[in-house]
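Residue numbers (this note's numbering), protein chains in the order written: chain U, 1 to 313; chain C, 314 to 760. These notes concern the structure reproduced below.
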């Protein structure tokens, strides 16, 4: 009897738990409605043929089709390229830019504003502008390169250059991340640099041993959000493809997503195509789950690396 | 914690009430017998909402003019037209139970899906009730507005595709009638500079050039998209191979890289710098609407140009005069609040001669009934007449309705882009792979 009595939680603890639950309830409701329910619904629909109007049990058909769909491999490869190249380039460029700006003696505010401005430009406007500026025949960018005897490539029309061109676009609009880096860099205690300098550390050594460890959490945040952003990369690739291809919406005209040669076809675009162009929402749900899993894997890998390096330090 | 089951029960009851309250099913077309006596007098007053994709002031005014004619006939029905609506919005509105009474779409790509899912109502019963004779429409227009025996849309206006030629650049040559004539004339009219770069192209054979999609060019060889069971016929129809081999030979004559360099330097398809306007290309495949664009451009309207049917396979001379057609479709979505009035509006807009002529004269698209095409009120010159003739030609073809229409076109377009680039070593195997993609996708659509 004594053991039963001692197993019951004290009255004050039960009341506290209930109170905590009440305080947490807005968050719980939000997560349930906007995350758990959609996730469960996605899993449910992935086992159905669903054309937005009629629902029919499909078993594993959608999953089997995933293995046969040639465009899944193409779009996954493109998305992986963005994760592996675009994210590091954008992060490094933002960090470099932030380093430069914080070292300026005058005009910091002005330069910070100038570098931040592109991130305020709407995605569609920025992308269309880039495609026009980089048009190989009529755009000023290649004409500028020609002044130095350089024959510019067909930026958005050549499959080998289309993703690097989008990377340039992402670098141009990296102001937001750069501003976060600037704040982090300004937070690094000055005395650490002074101590390192007294110990004879050069600029590179100071950067590696003082700056990097101090801003590691911000770097981690930038990498994780960058990876999630790259996995969900949609609008810029879609708009660049569409504008560069000159495709129209007239009857019988076809726009092949990912122009040129499917080099800009990303997984989210293919998902959108399956769900809202082909009305195969069940299959689109499978692709959504693949995207979700990919985001999780990349994020967990990054966190694991970060914790390991923190442990080593 | 005793209140928890009570709360759950209460919430469930509330949710169920919310889900069912006020959800009386909207009446569907043909469910009730047609009103007795004069339809105009017997229909009750209502406000009918019409969603369409037209957006420019001239287009919107044309629609309002056509609706004014309907209002004279049905004064008790008010039509509220909503402009600039795309297919996605229509689909979402139907799903959300906020469907308009009438919806029009610029493309035929979603007709099969709308018919199959029942998101657009089958018009067959009311067509029969009202004794509407669909024989007033060319067969091809009847084809692209129905799917698997369900007629859920009617054609409003059509686009027909033919050949435009710049008479100054043609140097006295007549427009070609066969593919071999087109090839010979292209070679004759093309001008290159000392580096071999193209300055003026006779005809641009690239599938990536503006309106040169596989569906628009397929009628030149009579190529078939689907078997009767809906599976792909692309790999087994020799006409596709003929079209692709002819096209690749001409691309190779230009040199793929030279042609791409030229193509990418051309002006916008919808602007004043269109290469046909600018005298950079002698012959182009285009829709009848290009006539209006030429007339509306102060520089282009000075150009002396002509129109003709597209050249056809040398072995299929009977195809000459035909072409590709598709167009705007209109129907009554599921959940329309005033379906009977909506049907009267659809019937009026698609079959009334004056209404179709009003729309055609303003929008410069092909009117879809024979009476409208022959109406003395229809503004037409020789260049526009070409497209009326193409639309009415018995061998004119369309892209048949298919549930994965967009995907199927993309699968072929992706393949032909690789083909013209020279990245396809085996044409037969490549076309079979297109078949496989289309058939696999068809299976994924369910029953």
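No residue lacks a Cβ here, since even glycine has one placed at the ideal position from N, Cα and C. These numbers were taken from a predicted model, which means no experiment stands behind them.
- [ ] Determine the burial state of residue 296 of chain U: buried for a count of at least 16 other Cβ atoms within 10 Å of its Cβ, exposed for fewer.
- [x] exposed
Task: Segment limits, beta strand (DSSP E) that includes residue 600 of chain C - done: 594-600
Open item on the list: Give me the chain C residues within the contact set of residue 268 of chain U, using Cβ-Cβ distance strictly less than 7 Å, ordered along the chain.
Closed with: Those do not exist, as residue 268 of chain U stays about 16 Å from chain C at its closest Cβ, beyond 7 Å.
Task: chain U contacts from the segment 573-591 of chain C (Cβ-Cβ distance under 7 Å) - done: 577, 578, 582
- [ ] Would you give the residue range spanned by the beta strand (DSSP E) that residue 125 of chain U belongs to?
- [x] That residue, residue 125 of chain U, is in no beta strand (DSSP E); its alpha helix (DSSP H) goes 123-133.
- [ ] May I ask which residues mark the beginning and end of the beta strand (DSSP E) holding residue 271 of chain U?
- [x] Unbroken run through residue 271 of chain U is the alpha helix (DSSP H), 267-272; no beta strand (DSSP E).
Open item on the list: Within a Cβ cutoff of 7 Å, which residues of the same chain sit near residue 372 of chain C, ignoring the five residues on either side of it in sequence?
Closed with: 676
Open item on the list: Spatial neighbours of residue 206 of chain U within its chain, please: C-beta separation below 8 Å, excluding the five flanking residues on both sides.
Closed with: 193, 196, 197
TODO: Check distances from the C-beta atoms of the segment 725-753 of chain C to those of chain U and list, in chain order, the residues that come in under 9 Å.
DONE: 725, 726, 727, 730, 731, 734, 736, 746, 749, 750, 753
- [ ] Could you name the residues of chain U that residue 408 of chain C contacts, counting a contact when the two beta carbons are closer than 9 Å?
- [x] 52, 53
TODO: Return helix, strand or coil for residue 363 of chain C, following the three-state DSSP convention.
DONE: strand
Open item on the list: With a threshold of 8 Å between beta-carbons, can residue 720 of chain C be considered close to chain U, or not?
Closed with: yes
TODO: Look at residue 268 of chain U and residue 236 of chain U and say whether their C-beta atoms are less than 8 Å apart.
DONE: no
- [ ] Would you please state the rounded distance, in angstroms, between the beta carbons of residue 51 of chain U and residue 279 of chain U? I believe it to be under 8 Å.
- [x] 4 Å
TODO: Report yes if the CB atom of residue 518 of chain C is closer than 8 Å to the CB atom of residue 564 of chain C, and no otherwise.
DONE: yes
TODO: Run down chain C in chain order and give the residues with a C-beta less than 9 Å from the C-beta of residue 143 of chain U.
DONE: Per Cβ cutoff of 9 Å: no residues; residue 143 of chain U is ~12 Å from chain C at best.
Task: CB of residue 182 of chain U within 8 Å of CB of residue 98 of chain U, strictly - done: yes
Open item on the list: Quick check on DSSP: helix, strand or coil for residue 219 of chain U?
Closed with: helix
Open item on the list: Does any residue of chain C have a CB that is nearer than 8 Å to the CB of residue 45 of chain U?
Closed with: no
Open item on the list: Determine whether the beta carbon atoms of residue 617 of chain C and residue 481 of chain C lie at a separation below 8 Å.
Closed with: yes
Task: Reference residue 606 of chain C; option with closest CA among C:663, C:636, C:696 - done: C:696
TODO: Using a Cβ cut-off of 9 Å, pull out every chain U residue sitting near residue 681 of chain C, in sequence order please.
DONE: None at all; the shortest Cβ gap to chain U is about 13 Å.
Open item on the list: Between which residues of its own chain and residue 721 of chain C is the CB-CB distance below 8 Å, once the five residues before and five after are set aside?
Closed with: 538, 545, 715, 751, 754
Open item on the list: For a test of the three-state rule: what should DSSP assign to residue 262 of chain U, helix, strand or coil?
Closed with: coil
Open item on the list: To the nearest angstrom, how far is the alpha carbon of residue 65 of chain U from that of residue 80 of chain U?
Closed with: 21 Å
Open item on the list: Could you check whether the segment 130-146 of chain U touches the segment 154-171 of chain U, counting it as contact only if at least three pairs of C-beta atoms, one from each stretch, sit closer than 8 Å?
Closed with: yes
TODO: Output the distance between the C-alpha atoms of residue 316 of chain C and residue 44 of chain U, rounded to the nearest integer angstrom.
DONE: Bear in mind that a pLDDT of 43 at residue 316 of chain C, under 50, signals an unreliable position, so the model cannot answer this.
- [ ] Assign residue 521 of chain C to one of two classes, buried (16 or more other C-beta atoms within 10 Å of its C-beta) or exposed (fewer than that).
- [x] buried
Open item on the list: Using a Cβ-Cβ cutoff of less than 6 Å, which residues in the same chain neighbour residue 533 of chain C once the five nearest sequence positions on both sides are dropped?
Closed with: 623, 625
TODO: Could you work out which residues of chain U lie near residue 717 of chain C, taking near to mean beta carbons separated by less than 7 Å?
DONE: 278
- [ ] Can you pull the chain U residues whose beta carbon is under 7 Å from the beta carbon of residue 759 of chain C, in chain order?
- [x] 49, 56, 58
Task: Residue-chain proximity (residue 251 of chain U, chain C), Cβ-Cβ < 8 Å - done: For residue 251 of chain U, the predicted model reports a pLDDT of 49, less than 50, meaning its position is unreliable and no value from the coordinates is stated.
- [ ] Pick helix, strand or coil for residue 56 of chain U, following the three-state DSSP scheme.
- [x] strand
Open item on the list: Let me see if you follow: with CB-CB separation under 8 Å, is residue 523 of chain C close to chain U or not?
Closed with: yes
Task: Assigned exposure category for residue 725 of chain C - 16 Cβ within 10 Å defines buried - done: buried
TODO: Say whether chain C places a C-beta atom closer than 8 Å to the C-beta of residue 187 of chain U.
DONE: no
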